[in-house]
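In UniProt numbering, the protein residues as written are 1 to 192.
To keep things clear, I will list the structure first and then write my remarks on it.
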């Protein structure tokens, strides 16, 4: 697929060499396949940008809860908090959206998965070691070759979600586990 130099928009161009002998329907199908491939590329790039935006918010949350911030004098802490708020507000101006089409059953499954993950966050303060182990079992439920046994209840609910949602849940759980494994403290800041 070529692109128009002035607008940087994709332009469908038919290659005359190999397309002349094809039936018009087959030629159109070949062109549509190329357009569909471009759509999938755009979706994956947009999801990648969405993940980068999420990592910025995760980094800001880590900074807000860091020991470094608590060690500052009040005036310095206020300055840093205002700076963090400005960056957060600026990041909120970025809208990235890839719609995932879901059936009502898939919506309900995603809601249940989110509820289970949210319960991990809540239980962390009262029982960190059990929460980390539970998070690992959730991650194992998302993996083809898990290192630890998976959680069957979580896995059954997760299987009701779309493939896109399953991938996002796995990444979310891995990020959550990294946070839990650092005992909920600021660790190395990684913003891609």
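Each residue gets a CB set at the ideal place from its N, CA and C atoms; glycine is no exception.
Small disclaimer: the values here were computed from a predicted structure and weren't measured.
Quiz item: Should residue 145 go down as buried or exposed, given a rule of 16 or more other Cβ atoms within 10 Å for buried?
Solution: Residue numbering aside, residue 145 sits at position 145 when the chain shown is read from its first letter. With fewer than 16 other Cβ atoms within 10 Å, it is exposed.
Quiz item: So, residue 154 versus residue 138, is the Cβ gap smaller than 8 Å?
Solution: Here residue 154 corresponds to residue number 154 of the chain shown, with the count starting at 1. Here residue 138 corresponds to residue number 138 of the chain shown, with the count starting at 1. The answer is yes: Cβ separation under 8 Å.
Quiz item: Thinking just about the alpha-carbon of each residue, which of 54, 35, 43, 28 is nearest to the one in residue 172?
Solution: Counting from one through the chain shown, the residue named residue 172 turns up at place 172. Out of 54, 35, 43, 28, 54 has the C-alpha closest to the C-alpha of residue 172.
Quiz item: Do residue 110 and residue 102 have their C-beta atoms within less than 8 Å of each other?
Solution: The residue labelled residue 110 in the question sits at position 110 within the chain shown. The residue labelled residue 102 in the question sits at position 102 within the chain shown. Yes. Within cutoff.
Practice problem: Within its chain, find whatever has a CB closer than 6 Å to the CB of residue 50; leave out the 5 residues flanking it on each side and keep chain order. | Solution: Taking the first residue of the chain shown as position 1, residue 50 is located at position 50. Same-chain partners within the cutoff: 96.
Quiz item: Should residue 216 go down as buried or exposed, given a rule of 16 or more other Cβ atoms within 10 Å for buried?
Solution: Lying outside 1 to 192, the shown extent of the chain, residue 216 is not represented and no answer is given.
Quiz prompt | 7 Å CB neighbourhood of residue 191 in its chain, flanking five on each side removed | solution = Within the chain shown, the letter at position 191 stands for residue 191. Note that residue 191 scores 47 on pLDDT, short of 50, meaning its location in the model is unreliable and no value can be drawn from it.
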